[in-house]
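**Q** Chains as they are written, first to last, in the working numbering: chain G, 1117 to 1441; chain A, 6 to 325.
All C-beta atoms in this analysis are idealised placements derived from N, C-alpha and C, irrespective of residue type, glycine included.
Here the structure is a predicted model, which is why all the values come from computation and not from measurement.
Below are the structure tokens for one structure; questions will follow.
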Amino acid sequence: MKNELNHKLIQIKNLKKYYPVTAGLFSRHIGDIKAVDGVTFDISEREIIGLVGESGCGKSTLGKTIPRLEEPTSGEILYRGTDITKLDKKGLRELRGEIQIIFQDPDASLDPRMTVGDSICEPLVIHNIDNEKKRMDRVAELMEQVGLEARQADLYPHEFSGGQKQRIGIARALALNPKLIIADEPVSALDVSIQAQILNLMMDIQEKFGLAYLLIAHDLSVIRHMAHRVAIMYLGKIVELANKQELFENPLHPYTEALLSAVPSFKSKGKGRILLRGDVPSPLNPPSGCHFHPRCHRVLHICSKEEPLLTEMAQDHFVACHLYR
Amino acid sequence: MIKRLQDIIKKISQHLRLNTRLINYYWQRTRRNKLAVAGLAFIIFLVALGIIGPLFTLDPTEVNFEERDMPPVYLPSEQFTYDIQTGQYTTKEIRGTWKHALGTDSKGRDMLAMLVSGARISLLVGLIATGIAIILGTIIGVLSAYLGGWADNALMRFTDVMMTFPFFLLLVLIVFIFGRSLAIIVLAIGLTGWTGAARLLRSESLSLRTREFIVATKALGASDNRVIFRHLIPNVISLIIVIATLSIPSVILAEAALSFIGLGDTTKTSWGIILESGQNTLETSPWVAVEPGIMIFLTVLAFNFLGDGLRDAFDPKSNI
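Below, the structure is given as structure tokens:
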């Protein structure tokens, strides 16, 4: 298992995604929204990596940039050694089978004018796999794997509940036997009672098919339930990256401390709740130095001047903070 | 037997990728709007009239001066005739007969026959011209939204330019240059009338384009063709139907207006042409102008009612 974990599936190096902001009649370039600003991490085979952050921190953009649904501004994304950012149209098409996405809103992620059977079958049709008969069998098989009945294939999305729709989304993502599934807040739109079912389904599938997940969430309990490693993101940057246990027991970055203290069950070291002041600043005009310093409860003099780099503080525990220099 | 028929219909609609349950749902919603149902009934009646009506009426082109200016059945009318023997004008009261139930025009042509064949022409004009306009509008609107960037800009500025031309003047100009044939008129209306549809479909497609199911399909590696034809267009079909239904009456009116000012195709008996021919005899035999006028009025009303009803039925937020 250890050996398998070390096998890198995805390596992301200094990935940036900027959205240019323009103004005026001649679309003058007045700045960039730095949604993802120099992110470096990797995902091993069969690994579940949790990506946590407040809304607007760029975690969804990062999720969309990896399969190149958004073109990265700069940086490298290596999938088993090949750079995704340099793939041509044909190469990209093949890659799309390997990396799949599960979306937040199961309602919006299915075409309302298509039967769910056709939706699940679509990846097979697009990639021209099997003949009609075999495809139908495969759809039935996939539907049973995600806990639906094969005879429901003729129904339309509006005839299913939210949890069932999410199961359909998972079935569609599985159709091409991907190696990595990017799950963008897969359960946050669902009822609490359904959430656990979907998460357990995702874990079963992960084990059965040997998948890796990039699990994007703002809910730490979901991450704690599933992830092997956790990355904390703030304003386009990863501020802390560690194994789940290490991160939850020994958080280093003040932002991570604040996040953990907000969850009732894991109050860190009896310090009580750490309240963050203010909102996430605009990524168009982020604070100088460490982006977090205006809200930080342990701010130092240097924080507003110099940007801290992500450095390894303990074994596999990375943090970007001036407190640990 | 009925079950077999249902099965066959289900098979066909599955083949055409139609959502029968959804269609049924929309039909149930449309049905609650009585005016829309009345409109639909009238349109079905008109279509039937246009298709099989001419088989049962007299020949609409047959001229008979013996029976000219006959009023509709039971209605009295005074007819001036010049008596060659006495050299005097005499007034004769005549009554409409069942032979010409809706009367005759100044050349003795049967009004009923003309109106029935007029229904065929006017509906064809409406359907074909709207069809051209909608297809053009869909292609331009959906492409514009899907491609974005400079292509979107170019297509929409072209649409803006088209919109700045006064529609009717442009129509008059085209007909004046290329001749007064019905094909030219239909083509001209179709080629100038797509702008509104293009704009509406662009904005609808723009909002659809960012929906997750489109992103999901792209994530699967689908081609642009597939995204447009399998996902975008099926999801704007309801809007297309509403736009088409609401634009048919304006096409029928445009053709009638062209005919009325004397730019119609006089070789075809459209309602506009009949209306135009009734202008001169408005005082003596008003029915010649009034009857096609009523038909145009009812048809426009019927399509508008149906269009309104469909729009409400397709809008998930409206409570009907």
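By the three-class DSSP mapping on this structure, what secondary structure does S1384 of chain G have?
**A** At S1384 of chain G the pLDDT is 48, less than 50, meaning the model places this residue with poor confidence; the figure from the coordinates comes in the next sentence. Residue state, collapsed to three classes: helix.
**Q** Between which two residues does the beta strand (DSSP E) holding P1136 of chain G run?
**A** 1124 to 1139
**Q** To the nearest angstrom, report how far apart L1306 of chain G and I140 of chain A are at their CA atoms.
**A** C-alpha separation (whole angstroms): 40 Å.
**Q** Going by other Cβ atoms of all chains shown within 10 Å of its Cβ, with 16 needed for buried, is V1435 of chain G buried or exposed?
**A** buried
**Q** Taking C-beta pairs closer than 9 Å, name the residues in chain A that S1225 of chain G reaches, listed in chain order.
**A** R216, E217, F218, V220, A221
**Q** Please list, in chain order, all residues of the same chain as R114 of chain A whose beta carbon is under 8 Å from its beta carbon, the five residues on each side excluded.
**A** So the list reads P65, T66, E67, V68, N69, once near-sequence residues are dropped.
**Q** Fully enclosed by the stretch 1244 to 1323 of chain G, which alpha helix (DSSP H) runs are 4 residues long or longer?
**A** 1248 to 1261, 1278 to 1290
**Q** Taking all protein chains shown into account, do 16 or more other C-beta atoms lie within 10 angstroms of the C-beta of S1384 of chain G, making it buried, or fewer, making it exposed?
**A** Its pLDDT being 48, under 50, S1384 of chain G is placed unreliably by the model, and the measurement read from it follows with that caveat. S1384 of chain G is buried by the Cβ-count criterion.
**Q** Pull up the DSSP beta-bridge partners for L1167 of chain G, would you.
**A** G:I1332, G:A1347
**Q** Measure from the C-beta of N2 of chain A to each C-beta in chain G and report whether the shortest distance is under 9 Å.
**A** The structure shown has nothing for residue 2 of chain A, since chain A only spans 6 to 325.
**Q** Going residue by residue through the stretch 142 to 219 of chain A, where are the continuous alpha helix (DSSP H) segments of at least 4 residues, counting only ones entirely within it?
**A** 154 to 169, 172 to 183, 187 to 197, 200 to 214
**Q** Determine, using beta carbons only, whether L160 of chain A and I145 of chain A come nearer to each other than 9 Å.
**A** yes
**Q** Count the other C-beta atoms from every protein chain shown that fall within 10 angstroms of the C-beta of T91 of chain A, then say buried if there are 16 or more, exposed otherwise.
**A** exposed
**Q** Is F1142 of chain G close to chain A, meaning its C-beta is less than 9 Å from at least one C-beta of that chain?
**A** It does not: the Cβ of F1142 of chain G has no partner Cβ on chain A nearer than 9 Å.
**Q** In the DSSP output, which residue or residues are listed as bridge partners for G1147 of chain G?
**A** G:V1137
**Q** L1376 of chain G and L1336 of chain G look like a contact to me (Cβ under 8 Å); what is the Cβ gap, rounded to whole Å?
**A** The Cβ separation is near 7 Å, so the contact holds.
**Q** Would you say I1217 of chain G reaches chain A, if we count a Cβ-Cβ gap shorter than 9 Å as a contact?
**A** yes
**Q** When you compare each of A:Q93, A:G269, A:G108 to P76 of chain A by their alpha carbons, which one comes out closest?
**A** A:G108
**Q** Identify the contact partners of G1213 of chain G in chain A, using a Cβ-Cβ distance below 7 Å as the criterion.
**A** G226
**Q** So what's F1408 of chain G in DSSP terms, helix, strand or just coil?
**A** coil
**Q** Shortest alpha-carbon distance to R214 of chain A belongs to which of G:Y1134, G:A1224, G:N1247?
**A** The option with the nearest alpha carbon to R214 of chain A is G:A1224.
**Q** Between E98 of chain A and the rest of its own chain, which residues show a CB-CB distance below 8 Å, the 5 nearest in sequence each way excluded?
**A** P81, S82, E83, Q84
**Q** Report the neighbours of R231 of chain A on chain G: residues whose CB is nearer than 9 Å to its CB, in chain order.
**A** E1238, V1241, I1242
**Q** Taking only the alpha-carbon atoms, compute the straight-line gap between L1315 of chain G and V1303 of chain G and give it to the nearest angstrom.
**A** 8 Å
**Q** Excluding the 5 residues preceding and the 5 following L1121 of chain G in the sequence, name in chain order all residues of the same chain whose CB lies nearer than 8 Å to its CB.
**A** Reliability fails at L1121 of chain G, whose pLDDT of 43 lies under 50, so the model's placement of it is uncertain and no value is given.
**Q** Using a Cβ-Cβ cutoff of less than 6 Å, which residues in the same chain neighbour R100 of chain A once the five nearest sequence positions on both sides are dropped?
**A** P81
**Q** Rounded to whole angstroms, what's the CA-CA distance from T1138 of chain G to V295 of chain A? Just pull it up for me.
**A** 60 Å
**Q** Which residues in the same chain as Y1440 of chain G place their Cβ atom closer than 8 Å to its Cβ, once the five residues preceding and following it in sequence are excluded?
**A** L1368, T1427, M1429
**Q** Is there at least one Cβ from chain A nearer than 9 Å to P1188 of chain G's Cβ?
**A** no
**Q** When burial is assigned at 16 or more other CB atoms within 10 Å of the CB, is H1123 of chain G buried or exposed?
**A** exposed
**Q** If you reduce the DSSP assignment to three classes, tell me which class H1413 of chain G lands in.
**A** coil
**Q** Measuring only between beta-carbons, confirm whether Y1272 of chain G sits less than 9 Å from chain A.
**A** yes
**Q** Mind checking which residues open and close the alpha helix (DSSP H) that includes E67 of chain A?
**A** Looking at the DSSP string, E67 of chain A is not in any alpha helix (DSSP H), and its letter there is neither H nor E.
**Q** Where I246 of chain A and F310 of chain A are concerned, what is the direct C-alpha to C-alpha distance, given to the nearest angstrom?
**A** 13 Å
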